[in-house]
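Each residue of the sequence shown is one higher than the one before, starting from 3 at the first, in the working numbering. Quick reminder that beta carbons are idealized off the backbone N, C-alpha and C, glycines included. Beneath this line is the structure, given in structure tokens, with notes to follow.
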Amino acid sequence: MTSPSDLSGPRAATTSNSTPGRIPGRRLLHSPGPTHIPDAVLHAMAVQPMDLADPRVDETIAACEEGLRRVLGTRDAQVFMYSANGHGAWEAVLVNIAAPGQTVLMAGTGHFSEAWALQAEDLGLMVQRTPWVEGQPIDTGSIEAALRADVARAIVAVLVVHTDTASGITSDVPAIRAAMDASGHPALLVVDGVASVAAAPLYMDAWRANVVLGASQKGLMVPPGLAYVAVDARALAVAQANPMPRHYWGWQLRVGAQSYRKFCGTPPETLLFGLRAALGLIEQEGLEAVWARHARLAAAVHAAVEGWREAVNVPGVIDFFCPVPAARSVSVTAITLGGGHSPDALRQVARERFQVAVAGGLGPLAGRVFRIGHLGDLNEAMLLGALGGVQAAMDVLNIPHGDGVGRAIAYLSRSA
Ligand SMILES: *Cc1c(COP(=O)(O)O)cnc(C)c1O
Numbered sequence: 003m004t005s006p007s008d009l010s011g012p013r014a015a016t017t018s019n020s021t022p023g024r025i026p027g028r029r030l031l032h033s034p035g036p037t038h039i040p041d042a043v044l045h046a047m048a049v050q051p052m053d054l055a056d057p058r059v060d061e062t063i064a065a066c067e068e069g070l071r072r073v074l075g076t077r078d079a080q081v082f083m084y085s086a087n088g089h090g091a092w093e094a095v096l097v098n099i100a101a102p103g104q105t106v107l108m109a110g111t112g113h114f115s116e117a118w119a120l121q122a123e124d125l126g127l128m129v130q131r132t133p134w135v136e137g138q139p140i141d142t143g144s145i146e147a148a149l150r151a152d153v154a155r156a157i158v159a160v161l162v163v164h165t166d167t168a169s170g171i172t173s174d175v176p177a178i179r180a181a182m183d184a185s186g187h188p189a190l191l192v193v194d195g196v197a198s199v200a201a202a203p204l205y206m207d208a209w210r211a212n213v214v215l216g217a218s219q220k221g222l223m224v225p226p227g228l229a230y231v232a233v234d235a236r237a238l239a240v241a242q243a244n245p246m247p248r249h250y251w252g253w254q255l256r257v258g259a260q261s262y263r264k265f266c267g268t269p270p271e272t273l274l275f276g277l278r279a280a281l282g283l284i285e286q287e288g289l290e291a292v293w294a295r296h297a298r299l300a301a302a303v304h305a306a307v308e309g310w311r312e313a314v315n316v317p318g319v320i321d322f323f324c325p326v327p328a329a330r331s332v333s334v335t336a337i338t339l340g341g342g343h344s345p346d347a348l349r350q351v352a353r354e355r356f357q358v359a360v361a362g363g364l365g366p367l368a369g370r371v372f373r374i375g376h377l378g379d380l381n382e383a384m385l386l387g388a389l390g391g392v393q394a395a396m397d398v399l400n401i402p403h404g405d406g407v408g409r410a411i412a413y414l415s416r417s418a
């Protein structure tokens with residue numbers, strides 16, 4: 003057995019108590035955000051800050067807005083960008099569409115829906131929650147029932163996390179829209195696309211989502227620090243009438259052509275240059291090809307889990323967190339680890355010995371799962387390297403497993 007202290011040393015670059023050493027090659031980053039940054043994006047960000055009157059600033063902002071609209075599947079939605087992370091985008095939406103005492107309906111997806119609900123409560127909003135059943139996507143029936151029961155029309159919006167990054171589960175937004183329509187309730191549909199945008203299909207206009215929000219550091223392949231919301235005319239009208247006090251996050255101050263105003267101050271120029279480049283890469287590959295690549299690489303990870311869980315001669319201790327194959331996301335796979343084995347020990351060996359960084363469990367899944375992120379700037383070789391590193395760490399820790407890597411190779415060699 004390897005003890006944690008054996009794992010530090012000159013090659014352990016990022017444990018908090020070790021001196022950074024040189025890591026030959028690249029460490030494979032398989033957290034579900036932040037994700038790898040393509041070289042073209044890094045290079046695009048290697049610029050000096052510029053005068054706000056420099057035409058490159060306005061040009062870049064316009065290109066980002068237009069590119070985001072394309073990636074989100076919307077023709078006319080207004081895009082607002084913030085120097086913020088996904089939590090900032092959450093808050094931006096909440097303070098614009100609801101006021102203290104008003105109610106939002108939070109569709110239960112697990113850790114992320116609960117974190118967003120707590121934020122809403124801190125802002126003085128009332129949150130009605132639909133139940134989360136572990137391992138399952140959003141229950142559309144409970145959304146329809148909650149809206150039908152709301153005869154006073156107190157609910158202003160239904161908040162939906164498209165892909166919950168903690169569980170690795172993607173919910174069916176068109177089915178949620180259909181449930182809302184069936185109820186006849188006028189609530190807005192707000193979609194958190196932080197972990198799904200530019201990984202899984204998302205069509206804001208066709209799905210009639212009134213707001214979609216996201217952040218830069220996941221499928222968009224840009225460093226953390228840039229958030230955005232896309233807002234349709236109905237949601238803008240709700241914001242217009244909303245008495246919630248707000249300034250920095252307020253949409254009303256950010257409309258108009260002036261870049262200084264759009265950002266309520268200085269735009270994050272460097273990240274915008276990166277985002278423009280990343281959106282260009284997505285365009286070049288083709289959005290549908292990007293989605294198809296994510297689906298293919300996710301299926302390879304799923305094949306690996308099917309292999310790992312079939313340990314020879316011993317009960318398997320590895321399994322999918324999500325038992326519903328169709329609900330497993332293309333962005334991240336949550337994998338349960340039982341038999342007294344520690345997901346965090348596995349992560350540490352994978353990271354420090356094999357240079358593969360995977361994520362742990364969040365909230366109620368802490369200590370129960372590890373998560374392999376597979377979104378953003380990835381290809382087959384990177385993915386197989388990551389799966390190989392994880393499988394090697396299982397060997398080091400004597401975790402019984404079948405040949406997941408072999409299954410992934412077999413899957414990829416059959417799929418084009
Ligand atoms: C990562 C994530 C967030 C939070 O984003 P931060 O940038 O970490 O604040 C919110 N929602 C989802 C679905 C996420 O995956």
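Could you tell me which of the options sits nearest to residue i, measuring between CA atoms?
i: R155; options: T268, H32, P133 and L107; result: L107
i: R150; options: I39, A101, D78 and G186; result: G186
i: I140; options: A159, V129, I178 and T167; result: I178
i: R278; options: P247, R236, A301 and S218; result: S218
i: A347; options: G363, T76 and M182; result: G363
i: G252; options: T272, G318, V231 and E271; result: V231
i: V213; options: L30, L289 and G75; result: G75
i: V129; options: M206, V351 and Q121; result: Q121
i: A294; options: R311, E271, G378 and G227; result: G378
i: G258; options: A168, V81 and E354; result: V81
i: V351; options: R248, F265, A388 and A79; result: A388
i: G112; options: A101, D207 and S173; result: S173
i: P36; options: R355, F356, A306 and V334; result: V334
For residue i, count neighbouring Cβ atoms within 10 angstroms of its own Cβ and tell me buried if that reaches 16, exposed if not.
i: T268; result: exposed
i: D234; result: buried
i: G11; result: Here G11 scores only 38 on pLDDT, less than 50, and its place in the model should not be relied on; the value that follows carries that caveat. Classification for G11: exposed.
i: H304; result: buried
i: Y262; result: exposed
i: P345; result: buried
i: V326; result: exposed
i: G309; result: buried
i: I25; result: exposed
i: G404; result: buried
i: E123; result: exposed
i: R77; result: exposed
i: D56; result: exposed
i: A410; result: buried
i: G369; result: exposed
i: V193; result: buried
i: E285; result: exposed
i: T16; result: Low local confidence applies: a pLDDT of 48 at T16 is under 50, so the model's placement there is unreliable, with the coordinate-based value given in what follows. Label assigned to T16: exposed.
i: G69; result: buried
Given this structure, state the Cα-to-Cα distance separating residue i from residue j, to the nearest angstrom.
i: V245; j: L238; result: Note on identity: in this sequence residue 245 is Pro, with Val being the wrong assignment. Distance between the alpha carbons of P245 and L238 is about 13 angstroms.
i: G375; j: G408; result: 19 angstroms
i: T132; j: V175; result: 15 angstroms
i: P40; j: E287; result: 13 angstroms
i: L299; j: G103; result: 44 angstroms
i: A94; j: A313; result: 47 angstroms
i: M396; j: G27; result: 22 angstroms
i: A280; j: A46; result: 9 angstroms
i: D166; j: F275; result: 28 angstroms
i: P402; j: L414; result: 24 angstroms
i: M384; j: M52; result: 36 angstroms
i: G143; j: A181; result: 7 angstroms
i: P225; j: N87; result: 10 angstroms
i: L161; j: V358; result: 34 angstroms
i: I337; j: L255; result: 44 angstroms
i: V316; j: L399; result: 15 angstroms
i: A243; j: N98; result: 9 angstroms
i: V392; j: P34; result: 15 angstroms
i: H249; j: P366; result: 35 angstroms
i: G221; j: V196; result: 8 angstroms
So what does residue i bridge to, in DSSP terms?
i: V314; result: Note: V314 sits in no beta bridge, so no partner.
i: Y84; result: A229
i: F322; result: I337
i: R131; result: M108
i: I157; result: T105
Hey, does residue i have any beta-carbon neighbour from chain B nearer than 8 angstroms?
i: R248; result: Absence of chain B from the displayed structure is noted, only one protein chain being present.
Practice task
Ignoring anything shorter than 3 residues or poking outside the stretch 356-418, list the beta strand (DSSP E) runs there in chain order.
Solution key: If we require 3 residues or more, the beta strand (DSSP E) runs fully inside the stretch 356-418 come out as 358-362 and 371-375.
Exercise for the section: At 4 residues or longer, and completely inside the stretch 197-239: list those alpha helix (DSSP H) runs for me, N to C. Expected result: List check, alpha helix (DSSP H) in window: 206-209.
Exercise for the section: Give, in chain order, every unbroken run of the alpha helix (DSSP H) that is at least 4 residues long and sits entirely within the stretch 20-82. Expected result: Uninterrupted alpha helix (DSSP H) stretches at least 4 residues long and entirely within the stretch 20-82 occur at 41-47 and 57-74, given in chain order.
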